[in-house]
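J.:
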Amino acid sequence: MAIEQDEIEKIAELARIRIPQQEIGELTQRITAILGMVDQLQAADTDGVEPMANPLDATQKLRADEVTESNHREAFQAIAPAVENGLYLVPKVID
Amino acid sequence: MQWETVIGLEVHLQLATRSKIFSGSATTFGAEPNTQASAVDLAMPGMLPVLNEQAVHFAVMFGLGIDAEIGMRSVFDRKNYFYPDLPKGYQISQFADPIVGRGQFEIQLEDGSSKQIGITRAHLEEDAGKSLHEDFHGMSGIDLNRAGTPLLEIVSEPDIRNAAEAVAYLKALHSLVTYLGISDGNMAEGSMRCDINISLRPQGQQEYGTRAEIKNVNSFRFVEKAIRHEFERQADILESGGRVVQETRLYDAERDETRPMRSKEVANDYRYFPEPDLLPVVIDEAYVQQVRDSLPELPAAKRHRFMEAYQLSAYDASVLSDSLALADFYEQVVGVCGDAKIAANWVQVELLGQLNRNELDISDSPVSASALGQLISRILDNSISGKIAKQVFEAMWQGEGSADDIIAARGLKQVSDTGALEAMVDEVIANNAAQVEQFLAADDAKRKKLVGFFVGQVMKASRGQANPKMVNQLLAEKLK
Numbered sequence: 001m002a003i004e005q006d007e008i009e010k011i012a013e014l015a016r017i018r019i020p021q022q023e024i025g026e027l028t029q030r031i032t033a034i035l036g037m038v039d040q041l042q043a044a045d046t047d048g049v050e051p052m053a054n055p056l057d058a059t060q061k062l063r064a065d066e067v068t069e070s071n072h073r074e075a076f077q078a079i080a081p082a083v084e085n086g087l088y089l090v091p092k093v094i095d
Numbered sequence: 001m002q003w004e005t006v007i008g009l010e011v012h013l014q015l016a017t018r019s020k021i022f023s024g025s026a027t028t029f030g031a032e033p034n035t036q037a038s039a040v041d042l043a044m045p046g047m048l049p050v051l052n053e054q055a056v057h058f059a060v061m062f063g064l065g066i067d068a069e070i071g072m073r074s075v076f077d078r079k080n081y082f083y084p085d086l087p088k089g090y091q092i093s094q095f096a097d098p099i100v101g102r103g104q105f106e107i108q109l110e111d112g113s114s115k116q117i118g119i120t121r122a123h124l125e126e127d128a129g130k131s132l133h134e135d136f137h138g139m140s141g142i143d144l145n146r147a148g149t150p151l152l153e154i155v156s157e158p159d160i161r162n163a164a165e166a167v168a169y170l171k172a173l174h175s176l177v178t179y180l181g182i183s184d185g186n187m188a189e190g191s192m193r194c195d196i197n198i199s200l201r202p203q204g205q206q207e208y209g210t211r212a213e214i215k216n217v218n219s220f221r222f223v224e225k226a227i228r229h230e231f232e233r234q235a236d237i238l239e240s241g242g243r244v245v246q247e248t249r250l251y252d253a254e255r256d257e258t259r260p261m262r263s264k265e266v267a268n269d270y271r272y273f274p275e276p277d278l279l280p281v282v283i284d285e286a287y288v289q290q291v292r293d294s295l296p297e298l299p300a301a302k303r304h305r306f307m308e309a310y311q312l313s314a315y316d317a318s319v320l321s322d323s324l325a326l327a328d329f330y331e332q333v334v335g336v337c338g339d340a341k342i343a344a345n346w347v348q349v350e351l352l353g354q355l356n357r358n359e360l361d362i363s364d365s366p367v368s369a370s371a372l373g374q375l376i377s378r379i380l381d382n383s384i385s386g387k388i389a390k391q392v393f394e395a396m397w398q399g400e401g402s403a404d405d406i407i408a409a410r411g412l413k414q415v416s417d418t419g420a421l422e423a424m425v426d427e428v429i430a431n432n433a434a435q436v437e438q439f440l441a442a443d444d445a446k447r448k449k450l451v452g453f454f455v456g457q458v459m460k461a462s463r464g465q466a467n468p469k470m471v472n473q474l475l476a477e478k479l480k
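Sequences listed follow chains A and B, in order. Numbering of the first sequence is given in full-length UniProt numbering, commencing with residue 1 and proceeding in unit increments. Numbering of the second sequence is given in full-length UniProt numbering, commencing with residue 1 and proceeding in unit increments.
1. Beta-carbon separation of B/Ile182 and B/Leu144 under 9 Å?
2. Tell me which residue opens and which closes the alpha helix (DSSP H) that B/Gln435 is part of.
3. Taking only runs that begin and end inside the segment 131 to 204 of chain B, name each unbroken alpha helix (DSSP H) of 4 or more residues, in chain order.
4. Round the Cβ separation of B/Ile119 and B/Gly8 to the nearest angstrom and send it over; I've been treating them as touching at under 8 Å.
5. Closer than 9 Å, Cβ to Cβ, to anything on chain B: give me those residues from the segment 59 to 79 of chain A, in chain order.
6. When the cut-off is 9 Å and only beta carbons count, does A/Val93 lie next to chain E?
7. Distance check for B/Glu189 and B/Val11, CA to CA, integer angstroms please.
8. Report the neighbours of B/Gly71 on chain A: residues whose CB is nearer than 9 Å to its CB, in chain order.
9. Enumerated in chain order, which unbroken segments of the alpha helix (DSSP H) with a length of 4 residues or greater are wholly contained in the segment 340 to 392 of chain B?
10. Excluding the five sequence neighbours on either side, which residues of its own chain have a C-beta within less than 6 Å of the C-beta of B/Leu312, listed in chain order?
11. Taking C-beta pairs closer than 7 Å, name the residues in chain B that A/Glu9 reaches, listed in chain order.
12. Ends of the alpha helix (DSSP H) at B/Phe62?
13. Buried or exposed: which applies to A/Thr38, given that a residue is buried once 16 or more other Cβ atoms fall within 10 Å of its Cβ?
14. Taking B/Pro468 as the reference, which of B/Lys449, B/Ala442, B/Ile70 and B/Ser416 has the closest Cα?
15. So who's on the other strand from B/Arg73, going by DSSP bridges?
16. Could you name the residues of the same chain whose beta carbon sits closer than 6 Å to that of B/Ile362, not counting the 5 residues immediately before and after it, in chain order?
17. Which of the three DSSP states is assigned to B/Leu250 in this structure?
18. Mapping DSSP to helix, strand and coil, what is B/His229?
19. Would B/Tyr251 count as contacting chain A if we go by Cβ distances under 9 Å?
20. Interface residues of chain B around A/Val90 at Cβ under 7 Å?
21. For B/Ser383, which residues in the same chain have their Cβ closer than 7 Å to its Cβ, ignoring the five residues on either side in sequence?
22. With a threshold of 16 other CB atoms inside 10 Å of the CB of B/Ala317, please say whether the residue is buried or exposed.
23. So for B/Glu4, helix, strand or coil by DSSP?
24. Expressed to the nearest angstrom, what Euclidean distance is found between the alpha-carbon atoms of B/Asn186 and B/Val217?
25. For chain A, is any of its Cβ atoms less than 9 Å away from the one on B/His123?
26. Give the single residue among B/Leu421, B/Ile342 and B/Ala445 whose Cα lies nearest to the Cα of B/Lys478.
27. Output yes if chain A places a C-beta closer than 9 Å to the C-beta of B/Val276; else output no.
28. What's the call for B/Phe82, buried or exposed, on a 16-neighbour Cβ count within 10 Å?
29. Chain A beta carbons: is any one of them nearer than 9 Å to that of B/Glu297?
30. Taking only the alpha-carbon atoms, compute the straight-line gap between B/Gly338 and B/Asp426 and give it to the nearest angstrom.
31. Please report how far the alpha carbon of B/Ser365 lies from the alpha carbon of A/Val93, in whole angstroms.
32. So the alpha helix (DSSP H) B/Lys478 belongs to, where does it begin and stop?
33. Beta-carbon separation of A/Leu87 and B/His137 under 9 Å?
34. Entirely within the segment 300 to 337 of chain B and at least 4 residues each: give me those alpha helix (DSSP H) ranges in chain order.
35. Below 9 Å between beta carbons: does that hold for B/Met424 and B/Ala476?
36. For the segment 71 to 133 of chain B, which segments carrying the beta strand (DSSP E) assignment without a break, of at least 3 residues, lie completely within its bounds, in sequence order?
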């Protein structure tokens, strides 16, 4: 399975990773090599095998619905780059 | 061209747990910003989610409430996207194996008919925080109190055909989840938020048209308006030979229009994969049975019982079972007065009328169920007429006391004393010789009409307090 350069650019954008233009070619080759290994795995017969959600043979333990956390806003906000009126400030985002 | 609208709704329902779905932070609405956001909610390094058992319990209750297949083994997945109010960079949700599978439930339409709406699935997920775009020196403010609040996303089949059905569906859903007690259903506080998928197709065509998704519509009224607007927008495009683009749009209530969302221009690609920090959730038959046994009577069952036990019309039963508080109130009134039909009229016309005029909820009614029941009892035992009862109700609403107090204080008791009534009837007959002559000359059919005049005169003389039944009897005897 081959991957095109523009797909690499799209994945990079979704993952918010900036890739310098001159590295995209090499990266495409390396990912294509990895996909070659995936192709080998794809060849295995998986009929009747249930997809695995977790490698541990165990099920989720649940916790009781109790409030166990208290307010540590001051400690958390002490390490934030910018806060105001109790809010964390981030570069402007608008839908 | 006759267009058929095809609508599917996705409802995000906030579950009424005390703590968050994956952390022990409180979920109280309206707290100071970021005071209910723990290290887990902030996605601090090394923090791990632990699932809240109450969220699972509520989801199973909902599944049983819509006769759905319950996911005995459900799996959490990561839904990846970047937004500042989602600190982890992914939302923990369920994708391939949701906790609630296919189900269905019945909605009531205004013409009294009902319709089955299919539910595709319902899955558990965490809510994101809130972004505030007011001007913070060119920056946005983030409040993470809501991050991690448990949500049940309920996805309907494209079974809805117009705005009225969409609203009926949401009302039925609201009624169901509040009966179950799994959510407060408070739309104004965002406990029930709705995404609308809508497409048009020529009447009679099987194939679906291209749909647009309208995000985050948060009141019944806006759902109706957004659908009406979107129908017109798509019909205009199609009728001028254009094509609808599949996209996500936002409804702007102020301008009453929908417009495309800019940030989602890159096609949604959430790259779901199983959440490695959570194991599959496995529940057994015994657990499901235990939840089933603990379910309260649900709206549909109550509606049918009201129709059978109380002989109410489908419409009356539907109105009175709409909320649990109203249904309980009504049944209490029936318990006190013993007449289901009259109780239904009084609760719907007088009580709900006053409550709506004053924008009050049934739980804030100044007239209690037993007080209303006693008032109705006084109509039934002929102490007062229905007309006088309305005056008494008005006074009860103003806080002047019980029905009996008001009847006594204002001297409203109906005159059922034969002697007193006879005197009044005699007087009316004596004073209206011409009408008496006309009456006696008339045939039976005409007499039925003419007798009304005499009844009216007696009622007037008694200032509305004469027992109308007895007045009729006395007149029949005397006008021979």
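Ideal Cβ positions, reconstructed from N, Cα and C, are used throughout, including at glycine. Values in this document were obtained by computation on a predicted structure and should not be read as measured data.
T.: Taking the definition as stated:
1. On the second sequence, residue 182 of chain B is found 182 positions in, with the first residue counted as 1. On the second sequence, residue 144 of chain B is found 144 positions in, with the first residue counted as 1. Result no, Cβ atoms of B/Ile182 and B/Leu144 do not sit closer than 9 Å.
2. Numbered from 1 along the second sequence, position 435 holds the residue referred to as residue 435 of chain B. Run containing B/Gln435: Ala433 to Ala441, per the alpha helix (DSSP H) assignment.
3. Segments of the alpha helix (DSSP H) lying fully in the segment 131 to 204 of chain B: 163 to 180.
4. Locating residue 119 of chain B in the second sequence gives position 119, counting from the first residue. Locating residue 8 of chain B in the second sequence gives position 8, counting from the first residue. Not a contact, Cβ separation roughly 10 Å.
5. Residues passing the 9 Å Cβ filter: Thr59, Gln60, Lys61, Leu62, Arg63, Ala64, Asp65, Glu66, Val67, Thr68, Glu69, Ser70, Asn71, His72, Arg73, Phe76 and Gln77.
6. Judged by its chain identifiers, the structure shown contains no chain E, and its protein chains are A and B.
7. Taking the first residue of the second sequence as 1, we reach residue 11 of chain B at position 11. Taking the first residue of the second sequence as 1, we reach residue 189 of chain B at position 189. Roughly 14 Å separates the two Cα atoms.
8. One-based indexing of the second sequence puts residue 71 of chain B at position 71. Residues of chain A passing the Cβ test: none, with the nearest at roughly 12 Å.
9. Within the segment 340 to 392 of chain B, the runs of alpha helix (DSSP H) that reach at least 4 residues and sit entirely inside it are, in chain order, 340 to 345, 352 to 357 and 369 to 380.
10. Within the second sequence, residue 312 of chain B is the residue found at index 312, counting from 1. If the five residues before and after B/Leu312 are omitted, its C-beta is found closer than 6 Å to the C-beta atoms of Phe306 and Ala344, all from its own chain and listed in chain order.
11. Taking the first residue of the first sequence as position 1, residue 9 of chain A is located at position 9. Neighbours of A/Glu9 on chain B: none; closest Cβ ~11 Å, over 7 Å.
12. In the second sequence, counting from the first residue as 1, residue 62 of chain B sits at position 62. Glu53 to Gly65 is the extent of the alpha helix (DSSP H) around B/Phe62.
13. Counting from 1 along the first sequence, the entry for residue 38 of chain A is found at position 38. A small correction: the amino acid at residue 38 of chain A is Val; Thr does not occupy that position in the sequence shown. That one is exposed.
14. Within the second sequence, residue 468 of chain B is the residue found at index 468, counting from 1. Measuring from the Cα of B/Pro468, the nearest candidate turns out to be B/Ser416.
15. Along the second sequence, one-based indexing puts residue 73 of chain B at 73. In DSSP, B/Arg73 forms a bridge with B/Val282.
16. As a first step, residue 362 of chain B is located in the second sequence; it is residue number 362 there, counting from the start. The answer, listed in chain order, is Ala325, Leu326 and Phe329.
17. Translated into positions along the second sequence, residue 250 of chain B becomes position 250. Looking at B/Leu250 - three-state DSSP - the assignment turns out to be strand.
18. Counting from one through the second sequence, the residue named residue 229 of chain B turns up at place 229. In this structure, B/His229 counts as helix in the three-state DSSP scheme.
19. What you label residue 251 of chain B is simply residue 251 of the second sequence in a count that begins at 1. No, B/Tyr251 does not count as interfacial toward chain A.
20. In the first sequence, the residue the question calls residue 90 of chain A occupies position 90. Chain-order list of chain B residues neighbouring A/Val90: Pro84, Met139, Ser140 and Ile142, by C-beta distance under 7 Å.
21. Here residue 383 of chain B refers to the residue found at position 383 when the second sequence is read from its first residue. Within its own chain, the residues whose Cβ lies closer than 7 Å to the Cβ of B/Ser383, once the five positions on either side in sequence are excluded, are Ile407, Lys413 and Gln414, listed in chain order.
22. Residue 317 of chain B sits at position 317 when you count from the first residue of the second sequence. Label assigned to B/Ala317: buried.
23. What you label residue 4 of chain B is simply residue 4 of the second sequence in a count that begins at 1. It is a strand residue.
24. On the second sequence, residue 186 of chain B is found 186 positions in, with the first residue counted as 1. On the second sequence, residue 217 of chain B is found 217 positions in, with the first residue counted as 1. Going from the Cα of B/Asn186 to the Cα of B/Val217 covers about 13 Å.
25. Taking the second sequence and counting its residues from 1, one reaches residue 123 of chain B at position 123. False, the Cβ-Cβ gap to chain A never drops below 9 Å.
26. On the second sequence, residue 478 of chain B is found 478 positions in, with the first residue counted as 1. Taking only the C-alpha atoms, the option nearest B/Lys478 is B/Leu421.
27. Here residue 276 of chain B refers to the residue found at position 276 of the second sequence. Checking the displayed sequence, the identity of residue 276 of chain B turns out to be Pro instead of Val. Chain A, which has a Cβ nearer than 9 Å to the Cβ of B/Pro276, makes this yes.
28. Within the second sequence, the letter at position 82 stands for residue 82 of chain B. Classification for B/Phe82: exposed.
29. By 1-based counting over the second sequence, the position of residue 297 of chain B is 297. Output row for B/Glu297: interface = no.
30. If you number the second sequence from 1, residue 338 of chain B lands on position 338. If you number the second sequence from 1, residue 426 of chain B lands on position 426. The alpha-carbon of B/Gly338 is positioned some 36 Å away from that of B/Asp426.
31. As a first step, residue 365 of chain B is located in the second sequence; it is residue number 365 there, counting from the start. As a first step, residue 93 of chain A is located in the first sequence; it is residue number 93 there, counting from the start. Approximately 45 Å, taken between the alpha carbons.
32. Sequence index remark: in the second sequence, residue 478 of chain B carries index 478 (1-based). In the DSSP annotation of this structure, the continuous segment of the alpha helix (DSSP H) that includes B/Lys478 starts and ends at Pro468 to Lys478.
33. Your numbering for residue 87 of chain A matches position 87 in the first sequence. Your numbering for residue 137 of chain B matches position 137 in the second sequence. Contact: no.
34. Fully enclosed alpha helix (DSSP H) runs of 4 or longer: 314 to 320 and 324 to 337.
35. What you label residue 424 of chain B is simply residue 424 of the second sequence in a count that begins at 1. What you label residue 476 of chain B is simply residue 476 of the second sequence in a count that begins at 1. Cβ distance not < 9 Å, so B/Met424 and B/Ala476 don't count as in contact.
36. As far as the segment 71 to 133 of chain B is concerned, its whole beta strand (DSSP E) runs of at least 3 residues are 77 to 80, 90 to 93, 103 to 108 and 114 to 126.
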